Structure formats: C-alpha cells, structure tokens
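Asks: Numbering-wise, the working numbering comes out as the position in the sequence shown, counting from 1, plus 6. The beta carbon of each residue, even a glycine, is placed where N, CA and C say it ideally should be. These figures come from a predicted structure and were not determined experimentally. Just passing along the structure, written as structure tokens.
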Amino acid sequence: MSKKNSAANSAPAVVLNGSDSFPATVELAEGRAIPLGNLVAYAHAASGLSAEDWNKLEAEQRDEMLQKSVDALKAEGDAGSPPPPPPPPKGGKKVKARVLVAGVIDGESRQPNDVITVDSETLNGNPGVLDADPAAVKYAESLKDSAED
C-alpha cells in the first residue's frame, strides 16, 4: 500500500448533508443572508448531533432543524455568522484547514475537501465547517493529489 493510500484511509470524509428545499443563500433580512453551507454548519452545531447522526436524519427532520436555525438567526438579528466563537489563541497563528461544508469563507466560495490557510479567528468562527486536524488536512490533500494523477 502506498503512503498516499494509507493517508486517504486514515481520515474518512466527513461531509454534512444539507437540504434540497433551501436555496443556496438564505435571506435573513433585507441585505442580510447566510450561505446554505454555513446554515447547515450552524444547525448541526446547535443540534449537538455527531456528523454521522446528522446525516442519518430524514430530509424533513434536517429541514426542520435548518428552519429553527433560520428563525433563531432572524430573532437574534444575526447576519448569518455562527454562534460567537471562543476567543482565538493569542498570536493569530495561520493554520491549514480542510473545508467540510460548502460555503463562503473569508469572502471566497469553498467546497468540501478544499484545503485553505486561515487564521485562528476564522477557524474558531466556523465550527463544523473547517477541520484543522492534521490527518483531515492530509486526507484532503491526498484527494487533490489523486485527482491530479
């Protein structure tokens, strides 16, 4: 078995199921919207479910949880960001992270398994959307390497 294959086998892909019922961008108020991927990450974090349990939900159950999150974000007057993150570690160190859920991160559209470099504030501000675990990053990079072969 090659090194590339063992890296790919060490970290299974974790992608959260979204919704076919919601638009790609959900309007919260005039001029305020949230990308569906960010909404999915927000609802997933609020649910307390593991990614596996989230993905096992029926589409209707997931849609109900997404709608509750939309309602909560509208009530909070939130512009679509996830719940307030914990304070970032001092130094604002940059780290590589694997994108888990499609969405807009730092103003750019990202897809699952993209590997991006972000500061700790961005990492902590996107729970359930970014994974900085070295094994997850290595796995996503191995997918890119495989696609280039």
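(1) Applying the 10 Å Cβ sphere with the 16-neighbour rule, what's the burial state of Ser126?
(2) For Leu129, I'd like the list of residues in its chain whose CB is within less than 7 Å of its CB, leaving aside the five on either flank, ordered along the chain.
(3) For Lys99, does the three-state DSSP call read helix, strand or coil?
(4) Compute the Euclidean distance between the alpha carbons of Gly43 and Ser53, then round it to the nearest angstrom.
(5) By DSSP's criteria, Ala39 is part of a beta bridge. Which residues make up the other side?
(6) From Gln73 to Gly113, what distance separates their C-alpha atoms?
(7) Considering only their Cβ atoms, is the gap separating Pro133 from Ala47 smaller than 8 Å?
(8) Do you know offhand how far Val124's Cα is from Ala141's?
Replies: For this structure:
(1) Start at 1 with the first residue of the sequence shown, and residue 126 comes out as number 120. Buried.
(2) Taking the first residue of the sequence shown as 1, we reach residue 129 at position 123. The answer, listed in chain order, is Val101, Ala103, Leu136 and Ala138.
(3) Reading the sequence shown from its first residue, position 93 is the one you call residue 99. It is coil, neither helix nor strand.
(4) Position 37 of the sequence shown, counted from the first residue, corresponds to residue 43. Position 47 of the sequence shown, counted from the first residue, corresponds to residue 53. In this structure, the straight-line span from the alpha carbon of Gly43 to that of Ser53 is close to 15 Å.
(5) Along the sequence shown, read from residue 1 onward, the residue named residue 39 stands at position 33. DSSP, once it has assigned bridges, lists Glu33 as partnering Ala39.
(6) Position 67 of the sequence shown holds residue 73. Position 107 of the sequence shown holds residue 113. Rounded to whole angstroms, Gln73 to Gly113 spans 24 Å at the Cα level.
(7) Numbered from 1 along the sequence shown, position 41 holds the residue referred to as residue 47. Numbered from 1 along the sequence shown, position 127 holds the residue referred to as residue 133. Contact flag set, yes.
(8) On the sequence shown, position 118 is the one that residue 124 refers to. On the sequence shown, position 135 is the one that residue 141 refers to. So the two alpha carbons sit approximately 17 Å from each other.
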